[in-house]
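Below: one structure, written as structure tokens.
2 protein chains.
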Amino acid sequence: MQALDEARRYRESVGPAILASFAELLSIPNVAGTPGGIDRNAIWIRDELMRRGVRAAVTQIPGAAPLVFGRVDGAPGGPTIGFYAHFDGQPADGLAWTDPPFTPTLRDGRLEDGGRVVDWPGPGQPVDPEWRIYARGSADDRGAVAALLGALDARQGRVPQASLVFLLEGEEEQGSPHLGEYVGLLAGRLAADIWMLCDGPVHQSGRPQVVFGVRGIADVEITVFGPAADLHSGHYGNWAPNPAVLLSDLVTGMRDQHGVPTVDGLEIPEPSEAAMTAAALVPDPGDLGFPAPEGPSLWERNLRPLLNIRGLRAGDVGEAARNVVPGSAVASLDLRLVAGQDPVAVIEAIERHVAARGFHLVGEPPDAETRRRHRRIAMVSGRPSYPGVLTPPDHPAAAGILAAVEAAAGEPPIIVPSFGSSVPLHHFERLAPAAVIVPIANHDNHQHAPDENLKVANLWYGIDLIAALLG
Amino acid sequence: MQALDEARRYRESVGPAILASFAELLSIPNVAGTPGGIDRNAIWIRDELMRRGVRAAVTQIPGAAPLVFGRVDGAPGGPTIGFYAHFDGQPADGLAWTDPPFTPTLRDGRLEDGGRVVDWPGPGQPVDPEWRIYARGSADDRGAVAALLGALDARQGRVPQASLVFLLEGEEEQGSPHLGEYVGLLAGRLAADIWMLCDGPVHQSGRPQVVFGVRGIADVEITVFGPAADLHSGHYGNWAPNPAVLLSDLVTGMRDQHGVPTVDGLEIPEPSEAAMTAAALVPDPGDLGFPAPEGPSLWERNLRPLLNIRGLRAGDVGEAARNVVPGSAVASLDLRLVAGQDPVAVIEAIERHVAARGFHLVGEPPDAETRRRHRRIAMVSGRPSYPGVLTPPDHPAAAGILAAVEAAAGEPPIIVPSFGSSVPLHHFERLAPAAVIVPIANHDNHQHAPDENLKVANLWYGIDLIAALLG
Chain Z
3 MQALDEARRY RESVGPAILA SFAELLSIPN VAGTPGGIDR NAIWIRDELM RRGVRAAVTQ
63 IPGAAPLVFG RVDGAPGGPT IGFYAHFDGQ PADGLAWTDP PFTPTLRDGR LEDGGRVVDW
123 PGPGQPVDPE WRIYARGSAD DRGAVAALLG ALDARQGRVP QASLVFLLEG EEEQGSPHLG
183 EYVGLLAGRL AADIWMLCDG PVHQSGRPQV VFGVRGIADV EITVFGPAAD LHSGHYGNWA
243 PNPAVLLSDL VTGMRDQHGV PTVDGLEIPE PSEAAMTAAA LVPDPGDLGF PAPEGPSLWE
303 RNLRPLLNIR GLRAGDVGEA ARNVVPGSAV ASLDLRLVAG QDPVAVIEAI ERHVAARGFH
363 LVGEPPDAET RRRHRRIAMV SGRPSYPGVL TPPDHPAAAG ILAAVEAAAG EPPIIVPSFG
423 SSVPLHHFER LAPAAVIVPI ANHDNHQHAP DENLKVANLW YGIDLIAALL G
Chain A
3 MQALDEARRY RESVGPAILA SFAELLSIPN VAGTPGGIDR NAIWIRDELM RRGVRAAVTQ
63 IPGAAPLVFG RVDGAPGGPT IGFYAHFDGQ PADGLAWTDP PFTPTLRDGR LEDGGRVVDW
123 PGPGQPVDPE WRIYARGSAD DRGAVAALLG ALDARQGRVP QASLVFLLEG EEEQGSPHLG
183 EYVGLLAGRL AADIWMLCDG PVHQSGRPQV VFGVRGIADV EITVFGPAAD LHSGHYGNWA
243 PNPAVLLSDL VTGMRDQHGV PTVDGLEIPE PSEAAMTAAA LVPDPGDLGF PAPEGPSLWE
303 RNLRPLLNIR GLRAGDVGEA ARNVVPGSAV ASLDLRLVAG QDPVAVIEAI ERHVAARGFH
363 LVGEPPDAET RRRHRRIAMV SGRPSYPGVL TPPDHPAAAG ILAAVEAAAG EPPIIVPSFG
423 SSVPLHHFER LAPAAVIVPI ANHDNHQHAP DENLKVANLW YGIDLIAALL G
């Protein structure tokens, strides 16, 4: 690929300048929710894009962090690629960092391996791809912004084959509360053939990966009510409804041994053959400290929904335990949903499931009269966050991205049909028929933790990848 | 019954003196665990017994509260009855009481009904049986001590038909930690045909009751271990063992819908026909704020063991809930055991049951190597407290007590084959072939709470009952 070769030559000749520009960005504090730093990041990025001849703007919904968006026009008739990254970061407690989080520091290797501070290289000096850039937001996710700028630089004004629309978010670490609203607002300007989210790390083996799906998420809390006050278990333990027992029984019946929901009437979409085949090829996680389960691989499992019990509370345990039938019991669940499942409908199915088990459903703790009328009383409260997304790994719009990744990385990527975790990828379904996640950062980047860092080789990979896509 | 008539005439003639003596006892603080007051109670009671010509002594195991014990010799060839009561009481926060807890106060009715303070009556003045004596320990359980003294007074030195051995405890409210040791120490002196425990209230209808059994008790805590640290539920929710799920499943399978344990290999003794017949005749509890269950009555259920879930803990619920597979889950159980069940054997059966469900049992939180080898790891820790007791309601030794209760109360008692709750009645099985509980106090005595009170009619009932037994 010509564009890729050009980008490589370019970054080899001006590597120190690319690092210097990145360091300038990283020196601007970017803790999510702190308007001063976030605003300065947005303006710096917009200005750098415009300096490269790109139409870029900052916009801001009241109460939201500013957003940078824009467009690079390619040759007529070429594809349009959407590019997402975020420039906000997690909080950074300077005391826990080896180097100050907003004083970008170059080291000749990992801190864990004794990596030592290196002077930022001057023009013409060599850049070692094993070096690491330490700063908050270097890997998660301002490295993707730097890669975009580097790839645009490498074109040196030449019109690319593909057009690029982009959206750079400033509140991802707060849960992207306005992303849907921003996407709705800009839908007309940001339509593309495929959207590519550059966030997260590559595979721990160092191999590149392209992720074709994520699961959605909904939270549900089920409270089962027993006696109005804790009752003496000796006198009434065989007589009163025990909410801890009723709740245990209820939640046990709501998932199979693999965690897949078995809620009445809740259909579980079957993953496609292509997705299952791809899943079987993804390496399973290594040693997590417990034996792997028998049966399907982690990645096959992640193509199915999950009903997770994240918390249980009833009465007391340990020294505080008292001999009572507890007055109530609470289970907190998070549901990971696959594409095709509507979070609201899932919560409604759970409500019906509970009601079908003989529970009288209430919207608030029951009054004395309600308690007197019903032995089984439950409150189900749900928060439907967002649905899952699954792009078929053989989607035609993804072929160009897979080719660019392979060219940039020098090896074919691991095709991850779906992460088990949740990312609001669904917003991008309004902007393109397909959306994928293409991580750039090294897996050992200390994301969200002190000493976050990006390996220079991964920045180079990002530049090469975007250059290949544009070319 | 001649003895009963004599007792009634006696207490009618010297009622004010009986109340004055009782008030003297009640003015001595008796909070369990406070040696000064407890010692003074013991000595006062021993002195009063000796003043009535009874062989009585105070004894004290190091570290224990003092115990008053002794013997009233009856006519040769007569039966021997054991009499138990306790003179210690629950703590009393004077600020929460209407009258000071250790300034005995006479009122002409219940405080709830506007009962007003009445002067203690002088010699020859009438005593209204509706009056109430307010003081800590008036009902629970120094009223029984006063009844014993009153009944002995009423004999005025005449040798009774029956012999009486007695044991008056000073640390019942602390869980009777030395009762077994005291009983062992005094077993040779306190043998009887039947032991009678005077504690607790009569039936809420006001009818007398005789209780032929209690359940034993054992506590068990089950901890199930999951990942060494909370794991991201999105990434690993279908992959990691979820201890909240495993634990819910485990405890759900350990009891039937009535709370009866369904633990592997744990035999459930069948209650006798006589006990079941008696149980069916006991009135069920009234409105407890929830609908009564279908099936057996409360009292039939109390003849079977119970596995109660008194507490559950895993992860977090509510706003604190995080999207994780929690690292561990804990269930706290109390088991109510029926006669014939060995608490240690029950705990061992639970351990075997858990192991048979595929759990690797550990004695302390598992190390990394153990976690790596086993997906299911549980810790079962048990505290076997004591076994249950069940005296057949038609036990010949109880016939005399039933007759005395009926004579004293003027109506046949409710025969309660077993309380569901736990009392260390089993100690008395070393002293007699049968042991029963014969409550004296009014049911609305505010036991363990502020404004504890004994109705004068119930003190009279206690005196009459003991007099009838002696006669």
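Protein chains in written order, with the working numbering: chain Z, 3 to 473; chain A, 3 to 473.
Each residue gets a CB set at the ideal place from its N, CA and C atoms; glycine is no exception.
Only a predicted model underlies this, so the values are computations on that prediction, with no experimental measurement involved.
Would you identify the three-state DSSP class for F292 (chain Z), choosing helix, strand or coil?
Correct three-state label for F292 (chain Z): coil.
Would you call the segment 378 to 385 of chain A and the segment 264 to 277 of chain A touching, i.e. three or more CB-CB distances under 8 angstroms?
Counting Cβ pairs under 8 angstroms, fewer than three are found: no touch.
So, is the C-beta of I439 (chain A) closer than 8 angstroms to a C-beta in chain Z?
Output row for I439 (chain A): interface = no.
Under 9 angstroms Cβ-Cβ, which residues of chain A neighbour H234 (chain Z)?
By Cβ distance, chain A contributes G422, S423.
If you drop the 5 nearest sequence neighbours on each side, which residues of the same chain put their C-beta closer than 7 angstroms to that of W462 (chain Z)?
Correct list, in chain order: R13, P131.
Provide the residue(s) that pair with P386 (chain Z) in DSSP beta bridges, ordered along the chain.
Looking at the DSSP assignment, P386 (chain Z) forms a beta bridge with Z:A220.
For a contact defined as C-beta to C-beta under 8 angstroms, what are the partners of R209 (chain Z) on chain A?
Near R209 (chain Z) there are no residues of chain A at all, since even the closest Cβ is about 18 angstroms away, more than 8 angstroms.
What is the DSSP secondary structure of R53 (chain Z), counted as helix, strand or coil?
In this structure, R53 (chain Z) counts as helix in the three-state DSSP scheme.
What did DSSP end up calling S23 (chain A) once you bin it into helix, strand or coil?
In this structure, S23 (chain A) counts as helix in the three-state DSSP scheme.
Can you give me, in chain order, the residues of the segment 391 to 416 of chain Z that have a beta carbon less than 9 angstroms from any beta carbon in chain A?
Against chain A - using a Cβ distance shorter than 9 angstroms - the segment 391 to 416 of chain Z contributes no residues.
Do you know how far the Cα of V332 (chain Z) is from the Cα of G255 (chain Z)?
Rounded to the nearest angstrom, the two C-alpha atoms are 16 angstroms apart.
Would you mind working out which of Z:L283, Z:A66, Z:M198 sits nearest V438 (chain Z), comparing C-alpha positions?
Comparing Cα positions, the closest option is Z:M198.
Just to check my reading of the structure: A164 (chain Z) and P31 (chain Z) have Cβ atoms closer than 8 angstroms, yes? What is that Cβ distance to the nearest angstrom?
The pair is not a contact, with the Cβ atoms about 34 angstroms apart (cut-off 8 angstroms).
To be precise: take each residue of the segment 304 to 317 of chain A, compare its Cβ to all Cβ atoms of chain Z, and keep it if any distance is under 8 angstroms. Which residues remain?
Here the close residues are N304, R306, L308, N310, I311, R312, G313, L314, R315, A316, G317.
In chain order, what residues of the same chain have a beta carbon less than 7 angstroms from the beta carbon of L233 (chain A), not counting five sequence neighbours either side?
If we look at L233 (chain A) and ignore the five residues flanking it on each side, its Cβ neighbours are A242, V326, V327.
Could you give the distance in angstroms between the alpha-carbon of D251 (chain A) and the alpha-carbon of V119 (chain Z)?
If I take the Cα positions, the gap works out to 54 angstroms.
Hey, how far is the Cα of I468 (chain Z) from the Cα of A153 (chain Z)?
Rounded to the nearest angstrom, the two C-alpha atoms are 6 angstroms apart.
With a cut-off of 8 angstroms, does the C-beta of H362 (chain A) fall near any C-beta of chain Z?
H362 (chain A) does not count as touching chain Z.
From which residue to which residue does the beta strand (DSSP E) around T107 (chain A) run?
Unbroken beta strand (DSSP E) run through T107 (chain A): 107 to 109.
Might you give, ordered along the chain, the residues of its own chain that have their beta carbon closer than 7 angstroms to the beta carbon of G473 (chain Z), omitting 5 neighbours on each side?
Contacts found: M3, Q4, A5, L6, P162, Q163.
I'd like to know whether the C-beta of A323 (chain Z) is nearer than 8 angstroms to at least one C-beta of chain A.
Yes, A323 (chain Z) counts as interfacial toward chain A.
If the cut is a Cβ gap below 8 angstroms, which residues of chain Z does R377 (chain A) touch?
Within chain Z, the residues near R377 (chain A) are F292, P293, P295.
Is there a Cβ of chain A sitting closer than 8 angstroms to that of T254 (chain Z), yes or no?
It does: the Cβ of T254 (chain Z) has a partner Cβ on chain A nearer than 8 angstroms.
So, with DSSP's three-state summary, where would you put G313 (chain A)?
Of the three classes helix, strand and coil, the one that applies to G313 (chain A) here is strand, per DSSP.
Do we get a CB-CB distance below 8 angstroms when we pair G342 (chain Z) with the residues of chain A?
It does not; no Cβ of chain A falls within 8 angstroms.
I'd like to know whether the C-beta atoms of A58 (chain A) and R48 (chain A) end up nearer to each other than 8 angstroms.
Yes.
Between S250 (chain A) and chain Z, is the shortest Cβ-Cβ distance under 8 angstroms, so that the two count as touching?
It does: the Cβ of S250 (chain A) has a partner Cβ on chain Z nearer than 8 angstroms.
Tell me, please, which residues DSSP counts as bridged to P203 (chain Z).
Answer by DSSP bridge pairing, in chain order: Z:A443.
Is the Cβ of R338 (chain Z) closer than 8 angstroms to any Cβ of chain A?
At least one chain A Cβ lies under 8 angstroms of R338 (chain Z).
Out of curiosity, what's the CA-to-CA distance linking D142 (chain A) and A322 (chain A)?
Cα to Cα, the separation comes out at about 43 angstroms.
Taking the alpha-carbon positions, what's the E114 (chain Z) to W99 (chain Z) distance?
For E114 (chain Z) and W99 (chain Z), the distance between alpha carbons rounds to 13 angstroms.
Using the Cβ count rule (16 or more neighbours within 10 Å means buried), how would you classify H450 (chain A)?
By the 10 Å Cβ count, H450 (chain A) comes out exposed.
Determine the extent of the beta strand (DSSP E) in which T372 (chain A) is found, giving its start and end residues.
Unbroken run through T372 (chain A) is the alpha helix (DSSP H), 370 to 375; no beta strand (DSSP E).
If we define contact as Cβ-Cβ less than 8 angstroms, is V346 (chain Z) a contact residue for chain A?
Taking Cβ atoms only, chain A never reaches closer than 8 angstroms to V346 (chain Z), which makes this a no.
For a quick check, are the C-beta atoms of A34 (chain Z) and D90 (chain Z) less than 8 angstroms apart?
The answer is yes: Cβ separation under 8 angstroms.
Any contact between the segment 206 to 223 of chain A and the segment 418 to 427 of chain A? By contact I mean 3 or more CB pairs, one from each, below 8 angstroms.
With the cut-off at 8 angstroms, the segment 206 to 223 of chain A and the segment 418 to 427 of chain A touch.
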